[in-house]
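Structure, as structure tokens:
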Amino acid sequence: MTIDALPPEQNIPAVWYGPAMMASDAWLVRVDDHEVAEVEAAVAACLARKPLRPPTAASDFPLPRFSSKLAALGNELLEGRGFALLRGLPVERWTQEQAAYAFVGIGAHLGSARSQNAKGHLLGHVRDVGLSSNDPNVRIYQTSERQTFHTDSCDVVALLCLRRSRSGGESLLVSSTTIYNEMRRRRPDLARLLFDPIATDRRGEVPDGQKPFFEIPVFSWHQGRLTTIYHRPYIDSAQRFTDAPRLTAAHIEALDLFDALAEDPALHMQMSFLPGDMQFVHNHVLLHDRNGFIDWPEPERRRHLLRLWLACPGARALPEVFAQRYGSVTIGDRGGIVLRDTVPCVPVDA
């Protein structure tokens with residue numbers, strides 16, 4: 008494939024470079040006192056319901072004024088720069104249950120929560136639980152180790168910071184669309200290879216009738232949009248399966264260039280979370296990462312983030328091949344991990 012046969016260079020708001028983005032605070036959305044009061048009233052109403060039921064739809068969590076700001080934020084995620092940080096929620100004065108309900112309720116204004124694991128957890132807990140990433144069935148968010156730039160299996164991933172670590176744990180973001188543009192300019196021969204199906208390990212969470220890996224290209228061009236799905240350690244570990252397509256030396260060179268560009272400080276940006284910060288990231292155009300961290304010795308002080316995977320009603324069309332991982336490509340009803348015995352739940356105290 009010549010450069011002319013590749014999709015065109017992308018010129019959309021999601022093409023950005025880290026240093027310029029860090030010099031701006033346009034991505035920082037502040038919550039005012041009136042909006043906090045709306046959230047707290049909605050949480051109180053949820054917790055007063057009998058039987059107790061998490062707010063999984065926007066109608067369960069009315070935000071008369073704040074909802075318009077969230078709608079604008081959602082549009083910025085899907086059609087703009089691809090991320091935002093919501094700041095100002097007073098989690099220090101809330102119980103973990105109140106914070107979880109606030110997070111799930113705000114998320115419901117942006118999309119439908121999807122299962123993040125075989126247990127059906129619609130609300131994830133991101134913290135070090137003492138596991139080792141050397142186990143091929145462990146997901147690295149369960150450790151304190153440095154992650155790698157990757158996407159999650161949903162339209163938008165959201166994080167709420169409850170507590171920070173003693174040091175480290177900063178969030179890293181990079182535009183996968185910028186990476187594509189750079190690969191297209193520098194090595195179009197390698198960019199072409201990332202449109203080939205590539206095996207990615209499911210890490211033991213295998214739906215009925217599926218292989219223990221899925222085969223989706225890193226780059227997909229569909230209905231005039233470039234979409235990326237990527238997790239290099241899971242691509243590498245998928246090679247343990249004898250029926251997985253083999254990575255050629257050229258594919259490995261292409262993946263190495265992709266990683267080098269993601270790691271380049273000229274492309275990526277870094278941010279530190281404060282307690283109460285909510286970060287939202289559009290997986291189809293950005294990759295996210297996290298630095299390793301050192302935690303506090305006291306259990307009650309240790310780093311703890313909550314996570315949502317969201318299917319957004321205004322999201323882009325995805326090629327059918329994504330159904331291998333997303334279960335469906337139906338807009339607003341796709342993504343997540345669902346096995347035969349998976350029952351959706353919202354584990355507030357997991």
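Sequential numbering of the sequence shown, starting at 8, is according to the working numbering.
Backbone N, C-alpha and C define an ideal beta-carbon position, used for all residues, glycine too.
Report the CB separation of residue i from residue j in whole angstroms; it is logged as a contact under 8 Å.
i: Cys161; j: Gly334; result: Incorrect: roughly 11 Å between the Cβ atoms, too far for contact.
i: Arg309; j: Arg170; result: 7 Å
i: Leu346; j: Glu212; result: 7 Å
i: Leu49; j: Gly112; result: Checking the sequence shown, residue 49 turns out to be Ala, not Leu. Their Cβ separation, rounded to whole angstroms, is 6 Å, which keeps Ala49 and Gly112 in contact under 8 Å.
i: Tyr237; j: His311; result: The pair is not a contact, with the Cβ atoms about 26 Å apart (cut-off 8 Å).
i: Val36; j: Ala115; result: Between Ala115 and Val36 the Cβ distance is about 17 Å, and since that is not below 8 Å, they are no contact.
i: His295; j: Ser178; result: 7 Å
i: Arg297; j: Gly176; result: 6 Å
i: Leu201; j: Val225; result: 4 Å
i: Ser183; j: Gly339; result: Not quite, the Cβ-Cβ distance comes to about 22 Å (not below 8 Å), so this is no contact.
i: Arg232; j: Asp266; result: Their Cβ separation, rounded to whole angstroms, is 23 Å, which puts Arg232 and Asp266 out of contact at 8 Å.
i: Phe110; j: Met285; result: 7 Å
Just mark residue i as buried or exposed, buried being the case when its beta carbon has 16 or more other beta carbons within 10 Å.
i: Ala245; result: buried
i: Thr255; result: exposed
i: Arg247; result: exposed
i: His128; result: buried
i: Pro61; result: buried
i: Arg56; result: exposed
i: Asp32; result: exposed
i: Asn290; result: buried
i: Ile205; result: buried
i: Ile301; result: exposed
i: Glu99; result: exposed
i: Met227; result: In the sequence on display, residue 227 carries Ser and not Met. So Ser227 counts as buried.
i: Ser66; result: exposed
i: Asp159; result: buried
i: Gly25; result: buried
i: Arg193; result: exposed
i: Thr249; result: exposed
i: Glu189; result: buried
i: Ala106; result: buried
i: Arg199; result: buried
So the candidates are the options; which of them puts its Cα closest to the Cα of residue i?
i: Val350; options: Glu45, Leu130 and Tyr241; result: Leu130
i: Gln123; options: Lys218, Tyr108 and Ala165; result: Ala165
i: Met28; options: Val355, Leu197, Phe68 and Leu180; result: Leu180
i: Asp215; options: Phe265, Pro282, Val292 and Ala125; result: Ala125
i: Asn82; options: Leu117, Tyr108 and Pro97; result: Leu117
i: Pro354; options: Pro26, Gly283 and Glu104; result: Glu104
i: Arg173; options: Tyr24, Leu315, Pro304 and Trp101; result: Pro304
i: Pro306; options: Leu93, Ala51, Ala12 and Arg134; result: Arg134
i: Trp34; options: Asp40, Leu93 and Asp243; result: Leu93
i: Glu45; options: Asp266, Pro97 and Val288; result: Pro97
i: Pro320; options: Val336, Gln331 and Ala357; result: Val336
i: Leu293; options: Thr155, Gln217 and Cys352; result: Thr155
i: Leu262; options: Pro15, Arg191, Leu197 and Arg332; result: Leu197
Indicate whether the contact test is met: 3 or more Cβ pairs, each with one atom in the region 10 to 26 and one in the region 70 to 78, closer than 8 Å. The region 10 to 26, when compared against the region 70 to 78, does not touch it at the 8 Å Cβ threshold.
Touching by the beta-carbon criterion (3+ pairs, under 8 Å), the region 78 to 89 and the region 324 to 339: The region 78 to 89 vs the region 324 to 339: no contact.
Are three or more beta carbon pairs between the region 269 to 277 and the region 201 to 210 nearer than 8 Å? Segments in contact, no.
At what residue ranges does the region 42 to 95 contain a whole run of the alpha helix (DSSP H), taking only runs of 4 or more? Qualifying alpha helix (DSSP H) stretches, in chain order: 73 to 86.
Residue ranges of each beta strand (DSSP E) run of no fewer than 3 residues wholly in the region 225 to 266, ordered along the chain? Correct list: 226 to 229 and 232 to 235.
Ordered list of alpha helix (DSSP H) runs contained in the region 267 to 311, each at least 4 residues: Correct list: empty.
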